[in-house]
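Right, one structure below, let's go through it.
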Amino acid sequence: MKNYKVEKIIEKWIPSIFSLIVAVISFNYLPIFQAIILAIFIGIVLYLLICIIVRIVKNQHKIYRFFQFRNIHGITKFHSKRAEFKWGSFYNQYDSPHEIIFMGQSLNRAFSKEQTPLFTKWCNNGASFRILLLSPSNSYSQQLRFVSEGMIEAPADSQPQSILKNKIYSTIEKIEENFIKKVNGPKSQKPYLRFSTVDLPFTLIMIDDDMVVTLYTTEAEADELPTFVIKDKNSLAYQCFKKEFESIWEKHSVVTPYKDAILTESLKNWKDDLELKKSYYDEEVVRKPPRQAIIFPTYRCSNSCGYCMYKEKKGNINLSVTNFQDILTQLIEYGINYIELSGGGEPLETKHIDGILDIIESTRKSHPDIKFGLITNGMLLEKILKKHDLLYLFNDYIRVSRLNEADIDEKNLLFKNKYEEWQKGIKLLLEEKKKNLHDEDTKIGIKYLLSSNNKGSFVKMVNEDIDSFLHEFDHVRFKSERTMNSNEIYPIEQDIYRLLRASERMRIGFEAKVALSLPNIYYPRNFKCWISPVHVVIDPHGDAYICCNYVSNPKEVKIGNVLKSSFKNIWESEKHIECRCNLSKEICNCTNLCANCRFADLQFNYEHIIATLGYNYTD
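Counting from 1 along the sequence shown, just add 436 to a position and that's the residue number in this note's numbering.
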């Protein structure tokens, strides 16, 4: 109302007052009256100026935003609704673009049968094409939940997020059937398809120097949302949106729409494990047993892999049978129900392996609920299986590493002999699994490690294994060497995924069987590991460590020796608190040594749950 009165004064009263002043000034014999009128005029002008200044101050944020928007060089057009944009004419103006990016929740319409022939043509001409969809396997995604609720009324027997989830799976089928399979020209580049593990802030279509961006909200349909047209790759707007896409692509995306089965199982404990975060930041003693104990019986290993983090520790160091019994008894008495035999060496190569396996057999009979797992390179499987029933002893899992000639010192005939030995062990293990004499549910897995040495033959090796024995395993895990560059990993990962999905043998149970996650974990600048108490590592000397990558800085993560003091006193000690607080990015050098750590991966998933659900772990 105040601004309205000001405008009325300006329109009606100022002209009249001005006329009066002119009239008064014309009478020279009235100087006093003239001065009074002039003072009134000046007062009115000052009053109007004050009102204008007040109005500007109150609306300064709107004015600032107006000029700020006008200064974002590159935005050439704004549509209040995405539906106003003419997609057909936008795509058809390009004949042979060089770089294309599609990012969105589902992009279901974008990959229609009418449109994909043009995209196929671009890729056959050598264009780089990247597609990033929202991951349909993230059950904690707010976008999956809120957007789905607004699309249609969810069926009573399904979760709301299943609506958008099914739409994403529909897009995957379209991309694979109508697009990827038809890219096979002389200059062709297969498009990359990945899935964001975080909610997407916007949808982006980029073709060379042109970009169309739709800002996401919780609205169900993107066609109703505001959309920008951006041109010029050097502009501020273009660079900002492109940078955000690259960050999600590099740090928060996966190649498969299915969540790792092992990770999914671990995530069931998220509420209990979040107590570990509270104890970490409150610097409290951990008063609950670790979920798993990893025992290294030896540092010996007949293989010599270039990527091995323990290669400098190799030597004739073995855990005695008596000490193994002592350690195992302590762990079980403290309440640890999962024991893994693994190593900074090959566990089956310890001098006392027969005695150790006899102890495990005795423990299995006296404590049938205890679960044992084995991580092995597989070289001694045939020999050990002739004397011990490994599927009974290791009733949780046995995971074998894939032997690769490029990674070890032995070449040509020497490797051929070694590989034949490895194959015999694998074959016998799988045969024993089929017999299942004890009705044990032991999972037999195999791990493929992509390295800088084997990257040239990696895809070929996997392809050969798919045609022979790979489908017989319960679980197949793919990881990469910690120093591998992402740009080298992505094309190999894409090829592996397509080979696996195309195999009729691998299709059965694919979601629960395959864990394909080659890129290393991204660590933020302020990363601190609070998840470590879910496990403990004990080496052949009896030294206990709170990190499976302890070789990076053993003094910082060693909490004691279980052969000199009881495990209970070590685990609940002040030294344990001190070591936990030292587990930071700076101390651990995790960029290199923890880059594919399964526990760090678990922590990142927990952090996402906290952020998405707004869960207060301190209560």
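No residue lacks a Cβ here, since even glycine has one placed at the ideal position from N, Cα and C.
Skipping 5 residues on each side, what residues in its chain have a beta carbon closer than 6 angstroms to that of K603?
-> As a position in the sequence shown, residue 603 is number 167, starting the count at 1. Same-chain partners within the cutoff: S542 and N544.
Status (buried if at least 16 other CB within 10 Å, exposed otherwise) for D979 = As a working mapping, residue 979 is identified with position 543 in the sequence shown. Buried, by the Cβ-count rule.
Neighbour-count burial assignment, L1049, 16 or more Cβ in a 10 Å radius = Here residue 1049 refers to the residue found at position 613 of the sequence shown. With fewer than 16 Cβ atoms within 10 Å of its Cβ, L1049 is classed as exposed.
Beta-carbon separation of I763 and I731 under 8 angstroms?
-> Looking up residue 763 in the sequence shown gives position 327. Looking up residue 731 in the sequence shown gives position 295. I731 is positioned such that its CB atom lies closer than 8 angstroms to that of I763.
Between the CA atoms of I932 and K891 - distance to the nearest angstrom | Your numbering for residue 891 matches position 455 in the sequence shown. Your numbering for residue 932 matches position 496 in the sequence shown. Distance between the alpha carbons of K891 and I932 is about 12 angstroms.
Can you give me the start and stop residues for the beta strand (DSSP E) that M642 sits inside?
-> Numbered from its first residue, the sequence shown carries residue 642 at position 206. Per DSSP, the unbroken beta strand (DSSP E) holding M642 starts and ends at F638 to I643.
Taking C-alpha atoms, which residue in I472, Q761 and G540 lies nearest to L999?
-> In the sequence shown, residue 999 corresponds to position 563, counting from 1. Just measuring C-alpha positions, the residue of I472, Q761 and G540 sitting nearest L999 is Q761.
How many whole angstroms separate the CB atoms of Y628 and R566, which I take to be in contact at a CB cut-off of 8 angstroms?
-> Numbered from its first residue, the sequence shown carries residue 628 at position 192. Numbered from its first residue, the sequence shown carries residue 566 at position 130. Their Cβ separation, rounded to whole angstroms, is 5 angstroms, which keeps Y628 and R566 in contact under 8 angstroms.
Going by the CB atoms, is the gap between L651 and L636 shorter than 8 angstroms?
-> Within the sequence shown, residue 636 is the residue found at index 200, counting from 1. Within the sequence shown, residue 651 is the residue found at index 215, counting from 1. Their beta carbons are not under 8 angstroms apart, which means L636 does not touch L651 by this criterion.
Count the CB pairs spanning the segment 668–675 and the segment 698–715 that are closer than 8 angstroms, and state whether there are at least three.
-> no
Which same chain residues, not among the five before or five after K1011, have their C-beta less than 8 angstroms away from its C-beta?
-> Here residue 1011 refers to the residue found at position 575 of the sequence shown. These residues qualify, in order along the chain: I995 and G996.
Whose C-beta lies closer than 7 angstroms to the C-beta of K432 among residues of the same chain, with five residues either side of it excluded?
-> Nothing can be reported for residue 432: it is not among the residues displayed for the chain, which extend from 437 to 1055.
Beta-carbon proximity list for Y770, same chain, < 8 angstroms, skipping 5 on both sides = Reading the sequence shown from its first residue, position 334 is the one you call residue 770. Answer for Y770: P725, F1003, K1004 and W1007, listed in chain order.
Return helix, strand or coil for E776, following the three-state DSSP convention.
-> Taking the first residue of the sequence shown as position 1, residue 776 is located at position 340. DSSP, read as helix, strand or coil, puts E776 in strand.
Do the CB positions of F631 and S577 come within less than 8 angstroms of each other?
-> The residue labelled residue 631 in the question sits at position 195 within the sequence shown. The residue labelled residue 577 in the question sits at position 141 within the sequence shown. Taking 8 angstroms as the cut-off, the beta carbon of F631 is found no closer than this to the beta carbon of S577.
Should K807 and Y774 be called a contact, given that it needs their Cβ atoms to be closer than 8 angstroms?
-> On the sequence shown, residue 807 is found 371 positions in, with the first residue counted as 1. On the sequence shown, residue 774 is found 338 positions in, with the first residue counted as 1. Yes, the pair counts as a contact, with Cβ atoms nearer than the cut-off.
Of the residues R937, E876 and H911, which one's Cα is nearest the Cα of N899?
-> Position 463 of the sequence shown holds residue 899. Closest option to N899, Cα to Cα, is R937.
Can you list, in chain order, the residues of its chain whose CB lies under 8 angstroms from that of I957, leaving out five sequence neighbours each side?
-> On the sequence shown, residue 957 is found 521 positions in, with the first residue counted as 1. Once the five neighbours on either side are set aside, the close Cβ partners of I957 are C1030, A1031, N1032, C1033, A1036, D1037 and F1040.
Between the segment 834–841 and the segment 871–889, do at least 3 Cβ pairs fall closer than 8 angstroms?
-> yes
Three-state secondary structure (DSSP) at R581?
-> Taking the sequence shown and counting its residues from 1, one reaches residue 581 at position 145. Here R581 sits in helix by DSSP.
Could you pull out every residue in the same chain whose Cβ sits closer than 6 angstroms to the Cβ of Y884, ignoring the five residues on either side in sequence?
-> Here the question's residue 884 lines up with position 448 in the sequence shown. Cβ contact annotation for Y884 (same chain, cutoff 6 angstroms, sequence separation greater than five): R838 and F914, in chain order.
Identified DSSP bridge partners for T812 = Your numbering for residue 812 matches position 376 in the sequence shown. BP columns for T812 point to V836.
Pick out whichever of E613, I811, V690 and K557 has its Cα sitting closest to the Cα of K623.
-> The residue given as residue 623 occupies position 187 in the sequence shown. Checked all of E613, I811, V690 and K557; the closest Cα to K623 is K557.
Cβ-based burial, P960 [other Cβ within 10 Å; buried from 16] | Position 524 of the sequence shown holds residue 960. When all chains shown are included, P960 counts as exposed.
Pairwise C-alpha distance: Q930 and S564 | Working through the sequence shown from its first residue, we reach residue 564 at position 128. Working through the sequence shown from its first residue, we reach residue 930 at position 494. Cα-Cα distance, rounded: 14 angstroms.
Which of the three DSSP states, helix, strand or coil, is assigned to I982?
-> Counted from its first residue, the sequence shown places residue 982 at position 546. Here I982 sits in coil by DSSP.
Sorted by chain position, which residues of the same chain lie with C-beta nearer than 6 angstroms to S778's C-beta, five sequence neighbours on each side aside?
-> Numbered from 1 along the sequence shown, position 342 holds the residue referred to as residue 778. Once the five neighbours on either side are set aside, the close Cβ partners of S778 are I730 and I811.
Anyone know if the C-beta pair for E785 and S740 falls short of 8 angstroms?
-> Taking the sequence shown and counting its residues from 1, one reaches residue 785 at position 349. Taking the sequence shown and counting its residues from 1, one reaches residue 740 at position 304. Contact: no.
Just the Cα atoms here: how many angstroms apart are E680 and F538?
-> Against the sequence shown, residue 680 aligns to sequence position 244. Against the sequence shown, residue 538 aligns to sequence position 102. Cα to Cα, the separation comes out at about 13 angstroms.
What are the partner residues of Y628, as DSSP defines its beta bridges?
-> As a first step, residue 628 is located in the sequence shown; it is residue number 192 there, counting from the start. Answer is R566, bridged to Y628.
Specify the secondary structure class of G1050 as computed by DSSP and reduced to three states.
-> Indexing the sequence shown from 1 puts residue 1050 at position 614. Here G1050 sits in coil by DSSP.
Terminal residues of the beta strand (DSSP E) in which N663 lies | Taking the first residue of the sequence shown as 1, we reach residue 663 at position 227. This sequence places Thr at residue 663; Asn is not what is there. Secondary structure note for T663: its beta strand (DSSP E) is the uninterrupted segment T663 to K667.
Which value, in whole angstroms, describes the spacing of the CA atoms of I616 and L954?
-> Position 180 of the sequence shown, counted from the start, is the residue given in the question as residue 616. Position 518 of the sequence shown, counted from the start, is the residue given in the question as residue 954. Cα-Cα distance, rounded: 21 angstroms.
How long is the line joining the alpha carbons of P976 and H1044, rounded to whole angstroms?
-> Against the sequence shown, residue 976 aligns to sequence position 540. Against the sequence shown, residue 1044 aligns to sequence position 608. Going by the C-alpha atoms only, they are around 36 angstroms apart.
In chain order, what residues of the same chain lie with their CB nearer than 8 angstroms to the CB of R941, ignoring the 5 residues before and after it?
-> Translated into the one-based positions of the sequence shown, residue 941 becomes position 505. I902, L906 and H907.
Less than 8 angstroms between the CB atoms is what I'm expecting for G814 and G780, so what's the real figure, rounded?
-> To locate residue 814, count along the sequence shown from 1; it is residue 378. To locate residue 780, count along the sequence shown from 1; it is residue 344. Not quite, the Cβ-Cβ distance comes to about 17 angstroms (not below 8 angstroms), so this is no contact.
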